[in-house]
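Numbering (this note's numbering), first residue to last: 22 to 277.
For glycine and all other residues, C-beta sits at the position ideal for the given N, C-alpha and C.
Inspection log for the structure reproduced underneath, given as structure tokens.
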Ligand SMILES: NC(=O)c1ccc[n+]([C@@H]2O[C@H](COP(=O)([O-])OP(=O)(O)OC[C@H]3O[C@@H](n4cnc5c(N)ncnc54)[C@H](O)[C@@H]3O)[C@@H](O)[C@H]2O)c1
């Protein structure tokens with residue numbers, strides 16, 4: 022998969038920070054940026070998977086990414102991790118707000134604490150990560166922020182209303198910051214995947230009925246893979262996406 026990704030000279034040596042980079046789409050993003058010669062750091066709660074990804078990328082011969090264990094529900098821990106990255110790699114130039122949890126829940130059963138916990142992972146850290154990178158990006162007069170949303174709220178998926186609310190709000194966050202940040206040359210975009218075949222999706226949700234739903238709903242045959250999302254994120258983070266900001270870029274094989 023990785024071999025078909027384009028090369029972007031403008032990403033070489035860029036300092037890139039990815040949340041939730043140990044598995045799934047995040048791991049593909051970390052790998053794809055590292056293969057572009059970027060200086061990559063990522064945070065995740067999945068300690069073993071994060072360390073394993075660093076080992077795998079080190080074996081490829083490039084500079085291994087910097088991994089810091091961090092629970093994004095803890096904003097002080099996130100701030101500490103971002104400070105540590107800036108101290109070791111320099112100011113963050115590309116922020117990818119990727120981490121999320123699509124745990125299923127119902128309208129009837131969700132309690133206020135559950136709502137707070139889901140939003141505290143699926144939305145809150147995105148805002149505070151933007152706040153943390155903005156001052157250095159402003160001083161530099163450049164920077165890119167990519168926020169991962171989803172098509173779930175476009176296609177009215179049932180089964181996770183708090184997650185869908187957060188994912189819709191992610192695009193509100195992008196648009197709510199784009200004008201202010203744009204004045205200083207900082208771009209901020211939303212990338213919304215369709216149903217992507219990550220380890221977690223395959224293990225938990227992709228049964229025969231899901232395969233049939235994908236076949237019926239996508240315009241294109243075939244399955245979406247993390248590399249399909251990474252291809253879009255690389256383009257937007259590179260100078261090739263220089264006039265792209267405030268918009269939502271959907272990678273869903275035509276589902277929504
Ligand atoms: N996979 C899909 O089909 C799909 C579809 C639409 C949107 N998305 C979006 O793409 C992004 C990546 O999705 P994915 O499917 O790869 O997710 P995933 O669940 O497979 O991976 C998310 C990563 O975030 C980490 N994470 C979870 N909670 C954390 C916490 N509290 N602190 C730190 N890290 C934490 C996990 O350990 C994991 O490594 C998400 O924003 C998701 O909403 C995914």
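First and last residue of the alpha helix (DSSP H) that includes residue i?
i           : result
residue 266 : Element bounds for residue 266: n/a, residue is neither H nor E.
residue 235 : 229-238
residue 172 : Counting along the chain, residue 172 falls outside any alpha helix (DSSP H), and DSSP gives it neither H nor E.
residue 184 : 182-203
residue 109 : 96-110
Could you check where the beta strand (DSSP E) with residue i kicks off and where it finishes?
i           : result
residue 213 : 207-214
Please state whether DSSP places residue i in a helix, a strand or coil.
i           : result
residue 289 : The structure shown has nothing for residue 289, since the chain only spans 22 to 277.
residue 143 : helix
residue 226 : coil
residue 125 : coil
residue 44  : coil
residue 276 : coil
residue 179 : coil
residue 33  : coil
residue 22  : In this predicted model, residue 22 has a pLDDT of only 45, less than 50, meaning its place in the structure is not dependable enough to derive any value.
residue 259 : coil
residue 83  : coil
residue 57  : coil
residue 28  : coil
residue 131 : coil
Sort out for me which residues DSSP pairs residue i with in a bridge.
i           : result
residue 65  : 90
residue 38  : 62, 116
residue 166 : 116, 209
residue 217 : 245
List the whole-angstrom C-beta distance separating residue i from residue j, where the pair is believed to meet the contact cut-off of C-beta under 8 Å.
i           : j           : result
residue 60  : residue 36  : 5 Å
residue 32  : residue 54  : 7 Å
residue 119 : residue 150 : With 8 Å as the limit, residue 119 and residue 150 do not qualify as a contact, their Cβ atoms being about 10 Å apart.
residue 276 : residue 215 : 5 Å
residue 112 : residue 67  : In fact, because the Cβ distance is near 26 Å, the residues do not count as touching under 8 Å.
residue 162 : residue 205 : 6 Å
residue 183 : residue 140 : 7 Å
residue 217 : residue 46  : 6 Å
residue 257 : residue 270 : 7 Å
residue 166 : residue 99  : Actually they do not touch by this definition, with Cβ atoms about 15 Å apart.
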